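Visitor: What follows is a single structure, and I will ask about it in a moment.
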Amino acid sequence: MGAEVEKKEMRGIETMTVQVPWKAILRFSIPLFIGSLFQQIYSMADAVIVGRLVGVKELAGVGATGAMSFLVIGFATGITSGFSVVIAQRAGAGDKEQIRTSAAACGWLCAAVTAVMTLLSTVGADPLLRLMNTPEDIFQYASGYIGIIFGGLGAAIYYNMIAGILRAVGDSRTPLYFLIFSSVLNVVLDLAAVLVFHGGVEGAAAATVLAQLASAVLCHWYAWRKYPDIWPERRHWSQSLSQGWKHLRIGLPMALQFSVTAVGIMILQAYLNGFGSAVIAGYTAAGKVENLVTQPFTTLAAAMEVYCGQNYGAGRPDRIRQGIVSSLKMGGAAALGMLVLNVCFGRQMIRLFLEPYDPVIVEYGYTYLVIIGVFSMALCALQIVRSSLQGMGEALVPMAGGVLELAARWGGCALLLPFGYAGICFSTPLAWLLALTLLCLYYKKSREES
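Rendered as structure tokens:
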């Protein structure tokens, strides 16, 4: 009864501290999953439209920027996720005033992050492409595409901030509605940019940025009207200035963990670039498929971040343990499904990105999909355990796991290079397994001490 009264008093806040754990996680995950599928349409639309309507070299150029994009946008996603962990903990504790103060802190911190990151990423884009041994025949396409994506970084940060605040207070549905809208808008703008305005890769990038910005603005407007009790008033902005470090203490390690992982992917990309544009195109297409079929893992992890944050704030470690077990069981079923999809339908999914069809490129991509499919449960468990620890405020250990993942991917590439392209592909699951081992050992130790 008390929980129901508390919910009515805290208008606009849905806690995950009273429901059966697996039901709470699944209920929260479903809109996230649908939204993540539509979010993938952003990058997939660029790849499909560029690969089929512009050319394979242009597709390889877009693909060559994938690791760089993850480095920068991953940092932004990590820091906004860290800020939302603070809000989730305060939502679990039922502290509405502190939620508003945190929302204000998110606003000015994200504005500062946008200014710094936009400057650094746009200036450093071409040197990074050179450092990664990007082939000359695709360099201009890669540079043109990533320059516009980095220039519009503020749109991605804006959307992630608003979506993170809403998810932290239990609403995973509102961000879904505007992701669907922006995904459809992105496809329309992509087609117009390529077919009508003949904008090539630059046009596709501009379409992505415009769609993200439209989604962020509309989501903010709608959420402000729907949840007036969670948005800051004037007094909260002044109070938030003293709380910046509380948010950065969790946000920065999470951002660095994303970026350290991205550096590992960049190293792998640099090794792949030495095999030529055909390998890059195949790996790029496979990477888009990977992003799609791993969405159940990503959404379970995002749900666990909020679930653990709220239950940590409510002082319920028993529910955290139950939730981790439940999410691992659901993730296991998803991992089996990913393996079947990759093995049975991998070639067909890769062909979506290629016109004309090139069997050599398809086989390069299929090789990678089969390898990661076999080790999909390791990736699933890694994401769930890492996000659970982050939700409980443990940011440094997951970051250490990211450093280990970087070292393993780099070492794996160097050691397995004599085995060719397949050897480079195996460095990815090797990195997953080692990082997972570290996080599981830490979680087991923390349980024994508690």
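Mapping of the sequence shown onto numbering that gives the first Met the number 0: position 253 corresponds to residue 252, and the numbering continues sequentially without gaps.
Built from N, CA and C at the ideal position, the CB exists for glycine as well.
None of these values were measured; they are calculated from a predicted model.
#1: Can you give me the start and stop residues for the alpha helix (DSSP H) that Ala-394 sits inside?
#2: Under 7 Å Cβ to Cβ from Val-85, same chain only, skipping five residues before and after it: list those, please.
#3: Look at the alpha carbon of Glu-5 and the alpha carbon of Gly-169, and state the distance between them as a whole number of angstroms.
#4: Am I right that Gly-60 and Ile-137 are in contact with their C-beta atoms under 8 Å? What's the rounded C-beta distance?
#5: With a CB to CB cut of under 8 Å and the five nearest residues on each side skipped, what residues in its chain are close to Ile-24?
#6: Where Gly-153 and Leu-351 are concerned, what is the direct C-alpha to C-alpha distance, given to the nearest angstrom?
#7: Which class does Trp-230 belong to by DSSP, given the choice of helix, strand or coil?
#8: Three Cβ pairs or more, each shorter than 8 Å: is that satisfied between the segment 225-241 and the segment 376-388?
#9: Would Ala-75 and Met-116 be called neighbours here (beta carbons separated by less than 8 Å)?
#10: Which residues bound the alpha helix (DSSP H) around Ser-171?
#11: Measuring only the C-alpha atoms, how far is Phe-123 from Tyr-270?
#12: Check this for me: beta carbons of Tyr-282 and Tyr-365, under 8 Å apart or not?
#13: Rounded to whole angstroms, how far is the Cβ of Asn-132 from the Cβ of Gly-273, which I believe are closer than 8 Å?
#14: To the nearest angstrom, how far is the alpha carbon of Leu-251 from that of Asn-310?
#15: Tell me the rounded alpha-carbon separation between Val-339 and Gly-372.
#16: Using 8 Å for Cβ pairs, my map puts Ile-266 next to Trp-409. What's the rounded Cβ distance?
#17: CB Val-53 to CB Val-193, shorter than 8 Å?
#18: Using the rule of at least 16 other Cβ atoms within 10 Å of the residue's Cβ for burial, across every protein chain shown, is Lys-444 buried or exposed?
#19: Leaving out the 5 sequence neighbours to the left and right, which residues in its chain are closer than 8 Å to Gln-39 when beta-carbon positions are compared?
#20: Under a Cβ-count criterion, where at least 16 other Cβ atoms within 10 Å of its own Cβ denotes burial, should Arg-129 be classed as buried or exposed?
#21: Would you call the segment 398-407 and the segment 251-261 in contact, with 3 or more CB pairs under 8 Å?
#22: Per DSSP, what kind of secondary structure is Pro-428 in: helix, strand or coil?
#23: Assuming Ala-413 and Leu-429 are in contact, meaning their beta carbons sit under 8 Å apart, how far apart are those beta carbons, in whole angstroms?
#24: With the cut-off set at 8 Å, would you say Val-369 and Gly-345 are in Cβ contact?
#25: Please check the pair Glu-57 and Gly-199, which I expect to be a contact at CB under 8 Å, by giving their CB distance rounded to whole angstroms.
#26: In angstroms, rounded to a whole number, what distance separates the CA positions of Gly-151 and Tyr-226?
#27: Can you tell me whether His-197 is buried or exposed, with buried defined as 16 or more other CB within 10 angstroms of its CB?
#28: Please classify Gln-347: is it buried, with 16 or more other beta-carbons within 10 angstroms of its beta-carbon, or exposed?
#29: Residues in the same chain with beta-carbon distance under 7 Å from Phe-257, minus the five sequence neighbours each way, listed in chain order, please.
#30: Let's test the definition: count the other Cβ atoms within 10 Å of the Cβ of Pro-417 and tell me whether it reaches 16, buried, or not, exposed.
#31: Hey, Ala-215 and Tyr-144: beta-carbon distance below 8 Å or not?
#32: Counting only the same chain and skipping the five closest in sequence on each side, list residues whose C-beta sits under 8 Å from that of Glu-3.
#33: Report yes if the C-beta distance between Gly-275 and Pro-126 is below 8 Å; otherwise report no.
#34: How close, in whole Å, do the beta carbons of Ala-63 and Ala-141 come, if the pair is a contact with beta carbons under 8 Å?
Guide: Put simply:
#1: No alpha helix (DSSP H) contains Ala-394, which DSSP labels as neither H nor E.
#2: Ser-101, Lys-245, His-246, Ile-249
#3: Only weak support exists for where Glu-5 lies, its pLDDT of 40 falling under 50; the value from the coordinates is given anyway. Roughly 14 Å separates the two Cα atoms.
#4: Separation of the CB atoms of Gly-60 and Ile-137 is rounded to 4 Å, and the pair is thereby assigned contact status at 8 Å.
#5: Met-15, Leu-299, Ala-302, Met-303, Tyr-306, Gly-322, Ser-325, Ser-326, Met-329
#6: 30 Å
#7: coil
#8: no
#9: yes
#10: Careful: Ser-171 lies outside any alpha helix (DSSP H) and carries neither H nor E.
#11: Inspection of the sequence shows that residue 123 is occupied by Gly rather than by Phe. Between Gly-123 and Tyr-270, the C-alpha separation is close to 20 Å.
#12: The beta carbons of Tyr-282 and Tyr-365 sit no closer together than 8 Å.
#13: 6 Å
#14: 22 Å
#15: 8 Å
#16: 5 Å
#17: yes
#18: By the 10 Å Cβ count, Lys-444 comes out exposed.
#19: Cβ neighbours of Gln-39 beyond the five flanking positions: Lys-287, Asn-290, Leu-291, Gln-294.
#20: exposed
#21: Touching, yes.
#22: helix
#23: At roughly 12 Å, the Cβ-Cβ gap does not stay under 8 Å, so Ala-413 and Leu-429 are not in contact.
#24: yes
#25: Glu-57 to Gly-199, Cβ: 7 Å. Contact.
#26: Roughly 28 Å separates the two Cα atoms.
#27: Under a 10 Å Cβ-count criterion, His-197 is classified as exposed, with fewer than 16 other Cβ atoms of the shown protein chains found around its own Cβ.
#28: exposed
#29: So the qualifying residues of the chain are Gly-73, Phe-74, Thr-76, Gly-77.
#30: exposed
#31: no
#32: Confidence at Glu-3 is low in this model, with a pLDDT of 39, below 50, so the placement of that residue should be treated as unreliable; the coordinate-derived value is given next. Cβ within range, chain order: n/a, list empty.
#33: no
#34: 4 Å
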